[in-house]
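Enquirer:
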Amino acid sequence: MADQQEILSGLAEIVNEVAGVPVDSVQLDKAFTDDLDIDSLSMVEVVVAAEEKFSVKIPDDDVKDLRTVGDAVTYIAQAGA
Amino acid sequence: MTGARLTPRRGAEYASILGVGAYRPSRVVTNDEICEHIDSSDAWIRERSGIITRHFAAPDESVVDMAAAASEKALAAAGISADQVDAVIVGTVTHLWQTPSAAAELAYRLGAGAPAAFDISAACAGFSYGLALAQDMIRGGSATCVIVVGVEKLSDIVDPTDRGTAFIFGDGAGAVVVGASETPGIGPVVWGSDGAQTEAIIQDTPWDVLRDDPTHKFPSLRMSGPQVFRWAVYEMAKAAQEALDAAGVSVSDLDAFIPHQANMRITDAMMKKLALPDSVVVARDIAETGNTSAASIPLAMGRMLEEGQIKSGDVALMIGFGAGLVYSAQVVVVP
Chain A
9 MADQQEILSG LAEIVNEVAG VPVDSVQLDK AFTDDLDIDS LSMVEVVVAA
59 EEKFSVKIPD DDVKDLRTVG DAVTYIAQAG A
Chain B
6 MTGARLTPRR GAEYASILGV GAYRPSRVVT NDEICEHIDS SDAWIRERSG
56 IITRHFAAPD ESVVDMAAAA SEKALAAAGI SADQVDAVIV GTVTHLWQTP
106 SAAAELAYRL GAGAPAAFDI SAACAGFSYG LALAQDMIRG GSATCVIVVG
156 VEKLSDIVDP TDRGTAFIFG DGAGAVVVGA SETPGIGPVV WGSDGAQTEA
206 IIQDTPWDVL RDDPTHKFPS LRMSGPQVFR WAVYEMAKAA QEALDAAGVS
256 VSDLDAFIPH QANMRITDAM MKKLALPDSV VVARDIAETG NTSAASIPLA
306 MGRMLEEGQI KSGDVALMIG FGAGLVYSAQ VVVVP
């Protein structure tokens, strides 16, 4: 079971890979759309990569609630628990 | 048990695409024109879809008109006369007559005698489904020369004020002639459906709402972009790989990748998932033609041939996918 810091750094790698956002910019308080400029299609790529990396399921209906990186980290931590 | 044993018919050993024809309506529609009806911008549309322009048919230009133009070019390219055609298959979701079919009228317009003729409803996979049927009809002996057309006049069923779809779709027709060949020119089809995702791309209301309420808004297409993107990239890359495996071809044997022109971002993501080498030419007709649903694969193939990006004998991977959800993939040899 990954802890929050592990999830954050794993997610940062994914966001970097998908959208070219520097790893250091991916912080808990950053919003995917407004701060990191991740659009809805890139968000799908991030979500699917996160599903594979953390062995969780993130349905489309839940994706729209993941506004910030912190939301995603919390979701993944709970889904994996 | 008595009675005569029925005589079976056997067809040709192999089938191939013999010629390709493309038709784009003359009116070019820019992103700026699309943005007169939606709150968007040229830059936003290019970023999200890769689309720069699309073509819209004239108000009095029908899907049969467009299908006929593409079919005549395909026949000419194949060196086949219309009277040799014994089956016509049209993939479309925008022939707005419940009956009769576009295919029967098309066959008559082409002067094709009295061929078998029917439409199929497989949305953006319509051409790929038709190609699979044509190959099996030729190999099964029920036809010797088949015209397969993908044609759409999506401007009739897209709501120009819907921000999720207005910029994506265009009109056009693409056709191929399929006939018997000495060597296999069309690989085994890998196809299927996922009816659990019917809502992902759907006409928002059925036609009968207009009977019940003549003041109701004309039905139009709705699409859940991220849902379709997820399915298209991750499930369709698997189907494409299965089509390669079924044909006994690896990505390094491929010359071209011609996916349904759904969205440039889907194409890019599929390429990554399939790990296509740089030597594979990828269809990017969507930039100028938009997403023309069933017509997009033969339209893209036509452009690639015209521009010399592919040549006769090249090996191409095609995959159609769309509303249903349905999909169909096969490897073909370029005519």
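Residue numbers (our numbering), protein chains in the order written: chain A, 9 to 89; chain B, 6 to 340. Note that beta-carbon positions come from the ideal geometry of N, C-alpha and C, so glycine has one too.
Tell me the start and end of each unbroken beta strand (DSSP E) in the region 185-241 of chain B that is at least 3 residues and wholly inside, in chain order.
Expert: Entirely contained in the region 185-241 of chain B, the beta strand (DSSP E) runs reaching 3 residues are, in chain order, 195-198, 206-208 and 226-228.
Enquirer: Could you tell me whether the Cβ atoms of A139/B and A72/B are closer together than 9 Å?
Expert: For the purposes of this step, residue 139/B is identified with residue 134 of the second sequence, where counting begins at 1. For the purposes of this step, residue 72/B is identified with residue 67 of the second sequence, where counting begins at 1. No. Outside cutoff.
Enquirer: Once DSSP output is grouped into helix, strand and coil, what is the label at R32/B?
Expert: On the second sequence, position 27 is the one that residue 32/B refers to. Reduced to three states, the DSSP call for R32/B is strand.
Enquirer: Can the beta-carbon of V25/B be found closer than 9 Å to that of L310/B?
Expert: Working through the second sequence from its first residue, we reach residue 25/B at position 20. Working through the second sequence from its first residue, we reach residue 310/B at position 305. Taking 9 Å as the Cβ cut-off, V25/B and L310/B qualify as a contacting pair.
Enquirer: State the DSSP-derived secondary structure class of D65/B, mapped to helix, strand or coil.
Expert: The count along the second sequence starts at 1 and reaches residue 65/B at position 60. Of the three classes helix, strand and coil, the one that applies to D65/B here is coil, per DSSP.
Enquirer: I'd like to know if A274/B contacts chain A, where contact means its C-beta is closer than 9 Å to some C-beta of that chain.
Expert: For this step, residue 274/B is matched to residue 269 along the second sequence. Chain A contact via Cβ: present.
Enquirer: So Q202/B and W236/B are in contact, right, with Cβ under 8 Å, and what is the actual spacing, rounded?
Expert: If you number the second sequence from 1, residue 202/B lands on position 197. If you number the second sequence from 1, residue 236/B lands on position 231. About 6 Å; that satisfies the 8 Å criterion.
Enquirer: Taking the C-alpha atoms as reference points, what is the distance between G190/B and A20/B?
Expert: Locating residue 190/B in the second sequence gives position 185, where the first residue counts as 1. Locating residue 20/B in the second sequence gives position 15, where the first residue counts as 1. So the alpha carbons of these two residues sit roughly 6 Å apart.
Enquirer: Against chain A, does N296/B count as a neighbour if the rule is that its beta carbon must be under 9 Å from one of theirs?
Expert: Residue numbering aside, residue 296/B sits at position 291 when the second sequence is read from its first letter. No, no contact with chain A.
Enquirer: If you draw a straight line from the C-alpha of G175/B to the C-alpha of T7/B, how long is it?
Expert: What you label residue 175/B is simply residue 170 of the second sequence in a count that begins at 1. What you label residue 7/B is simply residue 2 of the second sequence in a count that begins at 1. Each residue's Cα considered, the two are about 58 Å apart.
Enquirer: Is DSSP giving I125/B helix, strand or coil here?
Expert: Translated into positions along the second sequence, residue 125/B becomes position 120. Correct three-state label for I125/B: strand.
Enquirer: Within the 9 Å Cβ cut-off, does N268/B reach chain A?
Expert: As a first step, residue 268/B must be located in the second sequence, where it is residue number 263. So yes, N268/B belongs to the interface.
Enquirer: Is L49/A close to chain D, meaning its C-beta is less than 9 Å from at least one C-beta of that chain?
Expert: Going by chain labels, chain D is absent from the structure shown, which instead holds the protein chains A and B.
Enquirer: Could you confirm whether any beta carbon from chain B is found closer than 9 Å to the beta carbon of E21/A?
Expert: On the first sequence, residue 21/A is found 13 positions in, with the first residue counted as 1. Taking Cβ atoms only, chain B never reaches closer than 9 Å to E21/A, which makes this a no.
Enquirer: Quick check on the burial criterion: 16 or more other C-beta atoms within 10 angstroms. Buried or exposed for T356/B?
Expert: Since the first residue shown for chain B is 6 and the last is 340, residue 356/B is missing from the structure and cannot be characterised.
Enquirer: Using only CA atoms, which one of W212/B, N296/B and V195/B lies nearest to M228/B?
Expert: Along the second sequence, read from residue 1 onward, the residue named residue 228/B stands at position 223. The residue with the shortest Cα to Cα distance from M228/B is N296/B.
Enquirer: Just the Cα atoms here: how many angstroms apart are T104/B and L136/B?
Expert: As a working note, residue 104/B is residue 99 in the second sequence. As a working note, residue 136/B is residue 131 in the second sequence. When rounded, the distance between both Cα atoms is 23 Å.
Enquirer: Please name the residue in I43/B, V154/B and D37/B whose C-alpha comes closest to that of T58/B.
Expert: For the purposes of this step, residue 58/B is identified with residue 53 of the second sequence, where counting begins at 1. Of the candidates I43/B, V154/B and D37/B, the one whose C-alpha sits nearest the C-alpha of T58/B is D37/B.
Enquirer: Could you tell me whether any Cβ in chain B is nearer than 9 Å to the Cβ of V81/A?
Expert: Locating residue 81/A in the first sequence gives position 73, where the first residue counts as 1. Taking Cβ atoms only, chain B never reaches closer than 9 Å to V81/A, which makes this a no.
Enquirer: Is the beta carbon of V71/A sitting closer than 9 Å to the one on L44/A?
Expert: The sequence position of residue 71/A within the first sequence is 63, counting from 1. The sequence position of residue 44/A within the first sequence is 36, counting from 1. No; because the gap between Cβ atoms is not below 9 Å, this pair is not in contact.
Enquirer: Three Cβ pairs or more, each shorter than 8 Å: is that satisfied between the region 262-275 of chain B and the region 26-35 of chain B?
Expert: Result no; under three Cβ-Cβ pairs closer than 8 Å.
Enquirer: Which residues of chain A have a Cβ atom closer than 8 Å to the Cβ of G230/B, listed in chain order?
Expert: For the purposes of this step, residue 230/B is taken as the residue at position 225 of the second sequence. Here the neighbours are S48 and L49.
Enquirer: So does the region 69-84 of chain A actually touch the region 286-303 of chain B, counting three or more Cβ pairs closer than 8 Å?
Expert: No, they do not touch.
Enquirer: May I ask you to verify whether the region 236-251 of chain B touches the region 323-340 of chain B, counting CB pairs closer than 8 Å and requiring at least 3?
Expert: These segments touch.
Enquirer: By how many angstroms is the C-alpha of G84/B removed from the C-alpha of V68/B?
Expert: Position 63 of the second sequence, counted from the first residue, corresponds to residue 68/B. Position 79 of the second sequence, counted from the first residue, corresponds to residue 84/B. In a straight line, the C-alpha of V68/B is about 24 Å away from that of G84/B.
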